[in-house]
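Protein chains: 4
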Amino acid sequence: MIVVMKRNATGEEVRHMVQRVESLGLKAHVLYGVERTVIAAIGPERDGLKDSLESGTGVAEVLPILAPYKIASRELKSEPTVVAVGSLKVGGRHLGVIAGPCSVENEDQILRTARAVKAAGASALRGGAFKPRTSPYSFQGLKEDGLKLLAAARDATGLAVVTEVLATEDVPLVAKYADVVQIGARNMQNYRLLEAVGKMPQPVLLKRGPSATMEELLLAAEYILDAGNPQVMLCERGIRTFETHTRFTLPLASVPYLHSKTHLPVVVDPSHGTGHTYLVPRMAAASVAAGADGLILEVHPDPENAMSDGYQSLNVEQFAQTMELCRRVAAAMGKEM
Amino acid sequence: MIVVMKRNATGEEVRHMVQRVESLGLKAHVLYGVERTVIAAIGPERDGLKDSLESGTGVAEVLPILAPYKIASRELKSEPTVVAVGSLKVGGRHLGVIAGPCSVENEDQILRTARAVKAAGASALRGGAFKPRTSPYSFQGLKEDGLKLLAAARDATGLAVVTEVLATEDVPLVAKYADVVQIGARNMQNYRLLEAVGKMPQPVLLKRGPSATMEELLLAAEYILDAGNPQVMLCERGIRTFETHTRFTLPLASVPYLHSKTHLPVVVDPSHGTGHTYLVPRMAAASVAAGADGLILEVHPDPENAMSDGYQSLNVEQFAQTMELCRRVAAAMGKEM
Amino acid sequence: MIVVMKRNATGEEVRHMVQRVESLGLKAHVLYGVERTVIAAIGPERDGLKDSLESGTGVAEVLPILAPYKIASRELKSEPTVVAVGSLKVGGRHLGVIAGPCSVENEDQILRTARAVKAAGASALRGGAFKPRTSPYSFQGLKEDGLKLLAAARDATGLAVVTEVLATEDVPLVAKYADVVQIGARNMQNYRLLEAVGKMPQPVLLKRGPSATMEELLLAAEYILDAGNPQVMLCERGIRTFETHTRFTLPLASVPYLHSKTHLPVVVDPSHGTGHTYLVPRMAAASVAAGADGLILEVHPDPENAMSDGYQSLNVEQFAQTMELCRRVAAAMGKEM
Amino acid sequence: MIVVMKRNATGEEVRHMVQRVESLGLKAHVLYGVERTVIAAIGPERDGLKDSLESGTGVAEVLPILAPYKIASRELKSEPTVVAVGSLKVGGRHLGVIAGPCSVENEDQILRTARAVKAAGASALRGGAFKPRTSPYSFQGLKEDGLKLLAAARDATGLAVVTEVLATEDVPLVAKYADVVQIGARNMQNYRLLEAVGKMPQPVLLKRGPSATMEELLLAAEYILDAGNPQVMLCERGIRTFETHTRFTLPLASVPYLHSKTHLPVVVDPSHGTGHTYLVPRMAAASVAAGADGLILEVHPDPENAMSDGYQSLNVEQFAQTMELCRRVAAAMGKEM
């Protein structure tokens, strides 16, 4: 930690901060610069130290030099983590594609979709049974009935099932049916829920919140890892910016950035990341070229009549074409899909 | 709803959309413009209609014309809602000030703070017993012990107690001790939690998420109102933008904007909204001038040794001065404080 | 234009707005909805009409239905524009790669770079002679001497030269040496400068400002097109968001979005778009997969000693590898590079 | 400057960076931490050093510890600068109010407005003669005729005239008529223009660009100061964020922040900062409470028929009421208005 003193800080203030640094168990090196004084606080950067030092009198700012996440860090484990469950393999050279409708609506819809995405080469089926909706007046999902339909679709196709869990109290129920448990963007910092899925045996797909920094995302993953579950996939699904021509802004540089910081695989969601069907195929291809370890795509047999997210869902034919395109780009990148 | 067709939409596509509009229970008026065709879909704008129409072929965009929230709307109830509980009164001409530490740390700390903020004129005590922390390695709060200390501070000072609840399963416990239940920014879209506090008798302080739109905030309030709890205070606590000289950007225009859209009172949090102690007094004054119905301020007897948020906490003397300043501005605005 | 009246607008206010709509030369259709009244104003949406109508009493909002740009619009010209000058071809199936240093520093540097990027397959040479710098104390470029060195590099390699112009008064000088004139992000809304390059024969590379919307970018292009220059390349170089792990956020969905709205080609700049050398290769590949018509890349023979932007420049070997990668992805996308 | 090495940096890389630091004229202190090595580079932080060091092999990041602006810095000059010209006084205890229409339209309009704002207590007149417009098809201002009308309004009322200059070539003409020259938000980083107004005797009102950081704003001011003009007023006029209920987001914490960093006065523009007339009065009051040294407000005798910005202009009566409100808040803040 580097404690930068204000230009007009007094000798007394500097001495006080040196004492505080030492009382916190760190070694203090004082560097008297031409224009101001800096105290290097050497030692493990425990959480909270920065905040504490920052409130000292005469302190201009405190610059941390270590990342606050540990288990997620690439410095700790350099080989990439490969998440593998049933038909799905994500990470390393494996590019997994998770496809399916926003919401599970009925048996026919989910079975037709599952068969179609399987035929086009998807490696897992997505579908929401518990739906977080911005308005209390919107369709909230079929709940356990939806989970049962997903399980039936798995039985019919062999595809692993990825579905979202909204609340701690639902974790056991969802885990009974799901192969991968998804934490949605709105719940990225629902720490109790992260701890709960951290105790389950299923891999977790953790979606980035729309205003979460990379550090916050990695610390959210750290909650799950720290609770004992090593199988976490990070999911970039777009951030909130001033742009309005897309529902969210999809910042693909997060893929190579995350690869440099963590061993966890990175999945991209171009459906939520753009919010418009016609932008999905090319952004799926771009995600693959950026190095994504997986894609998650909304597919619906009849988007116009979908109960949610029709405007950003691919129909079956569009999905097959998107898979074609991504397969070519994956080959160019040396990935297996 | 206004369905704008693409410039090159065919007559067939227009007819199809007219049928869809009618099949959804709306009346369709087709307007043939010089350059493109527009279909006005007249009738109640149920949630989901926009999304559904938007996925139609030949549609360029769909423009809704009604707000999706109902109970929160000023069009439904024009007089301002006044939330009153114990010593706290927020709304209308009443400016309430909620003050106290980020975290409850021990009996001495919370009692000293409570007495000091009371003496300076605060109308309620804040303090966290369950703390949502970005890192799993940070102090997570004293939990029930913290709640008991808050209740003791209320007994000693008569101040109403405002404290955060993090999870559905904690709602009964928190409600046993709290006068006002706070939903933190990270949980603004934790809908299960919103429903749970919507069933409690206590007023709710609902914090805006750092990337939430005004509409999303009002729809989150709608979840609580719709569950039966009419006493909701909205809290502006800053949004995430490209600015880094403040922890968040505090957009005070949300105060008069919300007053134009909703009858619910609006509280501002200049501590989280700036993230730096030295910016808090003036932004508190600015919040009052913008028309805020309440303030929530972090106050700690010894910020440098606070277990959390010391860098943005006022000490007792700074708080007293801030109250002085705000009282003068409140008088200029015709508010009682 | 759709004029949405407030719910409580009076009959008098509606009548007044109908008259205003008609006095502005538009046809007014009044639609009485269940909950509020809407006036459809049919006719050409001249600039300024929206603003004018919006200030009427009783008006809630005004929704335009036509894009404000004309010449840039894909609705006007559906085949893609191909910009071709010397060795550079951008648009349609042609993927052009513009490479070179941030600043021209000296003869050796620019000649070595030009030869190296040519050998690796670049189609044009970039290099700054007039440099816009955030600080007045930074290196501001070699000015005309830099332009002469660029011309010498063109003579030596046959590569077309792309260089920035900062001010109206420099346009004739820059045009004397450049094959393509670049408008930098800071000058995207320097309208006098846009008009000036709009009168030149050289193609223009127009960079998106870091907080410009797509509409603002297209209207800036419209200034150039309207002044008579049809050869405009749009350049996505990243936007300013809350993200700090990259210098800017590179939103690649703007590529397919722009392709749907305009016939102008779209070039991507992954160097400025990320701000870190190690992120450039994968984001260059992702840009190609997103459908970019061109890339502009910072390359320096010795980035550590570059006078500007070394931290985001590729060295010669990294550039050659990036070209290899992009060539494979371009082939997968059916583009010629 | 603090050079943080990567965790796995080699001894060779550390030695190389120590040499580079020393070759750049700085003193190097190497600090061997528990987990990584840090090199403190002590000495004047010339522009470009950070960028240069950052591209070294084995370097994780470089943390500067000094602000890059000098003349604008409060550390250099601690008393606030008061800008005074004719009827206008801004800074210290003086709160100046600049009011008038977006565009000068004709003699009657500007004279009526000037008399009305003078009567209500404004200290200067604003009005645009050269207008930067997003679309080439919009009204671009009356140019020199507009300047003449502004001068006539000054003669009639005694109010100092504030007007924008768009281009270097117009500086002499504008300076012939204006008391204060305004640099608009779009031109904040038009460095040639900054240098040009830096050589004029008139004070400059420098508007913050919608995505400019505080540091970029202060460095833009530094261009003007460095060219010899000490009379610079900074103007906060809102930033671009994800919010859409206001045209821009007005971040008032920039006022106390700037006061802590610079001696230059800070003016706030709540008209552009909100984009809606009904939000202006309260945000003007909030600006004063935040400590603003000045306000700039759009006022039009007939906003509905204004040629630009009617939707965010106050009419004469609304302006008088806003002045009343601000005067009370200014008194509460100890300011003279």
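Protein chains in written order, with the working numbering: chain A, 1 to 337; chain B, 338 to 674; chain C, 675 to 1011; chain D, 1012 to 1348. We put the CB at the ideal spot given by N, CA and C, even for glycine. Note that this is a predicted model, so its numbers are computed, not measured.
When only Cα atoms are considered, Ala1020/D and Glu972/C end up about 26 Å apart.
Counting only Cβ-Cβ distances below 8 Å, Gly1067/D has contacts in chain C at Glu978, in chain order.
Among the residues of the segment 1076–1097 of chain D, those with a Cβ less than 9 Å away from any Cβ of chain C are Pro1079, Tyr1080, Lys1081, in the order of the chain. Listed in chain order, the positions of the segment 199–213 of chain A with a beta carbon within less than 7 Å of a beta carbon of chain D would be empty, since no residue qualifies. Within chain A, the residues placing a beta-carbon under 7 Å from that of Arg1251/D are Phe242, ordered along the chain. Secondary structure of Gly1305/D (DSSP, three-state): strand. By the criterion of a C-beta distance shorter than 6 Å, Lys6/A is surrounded in its chain by Gly58, Ala60, once the five residues flanking it on both sides are discounted. Taking 7 Å as the CB threshold, Asp606/B stays off the interface with chain A. Taking a C-beta distance under 7 Å as the contact criterion, Gln1242/D and Pro1214/D qualify as a contact pair. Between Val1045/D and chain A, the shortest Cβ-Cβ separation is below 7 Å.
Nearest neighbour of Ala1171/D by Cα position, chosen from Ser1098/D, Val1185/D, Phe1141/D, Glu1155/D, turns out to be Ser1098/D. Interface annotation for the segment 92–116 of chain A against chain B: empty, criterion Cβ-Cβ distance under 7 Å.
Between the segment 146–155 of chain A and the segment 123–132 of chain A, the count of C-beta pairs closer than 8 Å reaches three or more; the two stretches touch. Glu222/A is a Cβ neighbour of Pro473/B, given a cutoff of 7 Å. Look at Glu559/B here: in three-state DSSP terms it is helix.
Rounded to whole angstroms, Ala453/B and Ile42/A show a C-alpha spacing of 37 Å. Residue burial is scored here from C-beta neighbours: Arg15/A has fewer than 16 other C-beta atoms within 10 angstroms and is therefore classed as exposed.
Following the DSSP letters along the chain, one finds His690/C in no beta strand (DSSP E) but inside the alpha helix (DSSP H) bounded by residues 685–697. With a threshold of 16 other beta carbon atoms within 10 Å, Pro846/C falls short and is exposed. The three-state reading of DSSP puts Ala590/B in coil, since its state is none of H, G, I, E or B. Val771/C sits close to Ala796/C, with the two beta carbons spaced by under 7 Å.
Not a single C-beta of chain A is nearer than 7 Å to the C-beta of Val1014/D. Around the beta-carbon of Leu413/B, fewer than 16 other beta-carbon atoms lie within 10 Å, marking it exposed. As computed with DSSP, Ala99/A is found in a beta bridge with Leu125/A, Leu297/A.
Judged by DSSP secondary structure, Gln321/A falls within the alpha helix (DSSP H) whose first and last residues are 316–333. With a cutoff of 7 Å on beta-carbon distance, Gly610/B and Arg577/B are scored as not near each other. What Gly385/B touches in chain A, judged by beta-carbon distance under 8 Å, is Ser138, Phe139, Met307, Ser308, going in chain order. For Glu1227/D, the closest alpha carbon among the candidates Met874/C, Pro875/C, Arg860/C is that of Arg860/C. Here the alpha carbon of Leu601/B sits roughly 31 Å from the alpha carbon of Tyr1268/D. The beta carbon of Glu350/B is closer than 6 Å to those of Thr394, Gly395 in its chain, skipping five residues each way along the sequence.
Flagged as an interface residue toward chain C: Ile379/B, by a C-beta distance shorter than 7 Å. Interface criterion not met: the Cβ of Leu1236/D is under 7 Å from no Cβ in chain A. Among the bridge pairs identified by DSSP, Ser1084/D is matched with Thr1273/D. In this structure, Cys1113/D sits away from Ser1298/D, with a CB-CB distance that is not shorter than 7 Å. Secondary structure at Ala515/B: coil, using DSSP grouped into helix, strand and coil. The beta carbon of Gly965/C falls within 7 Å of a beta carbon belonging to chain A, placing the residue at that interface.
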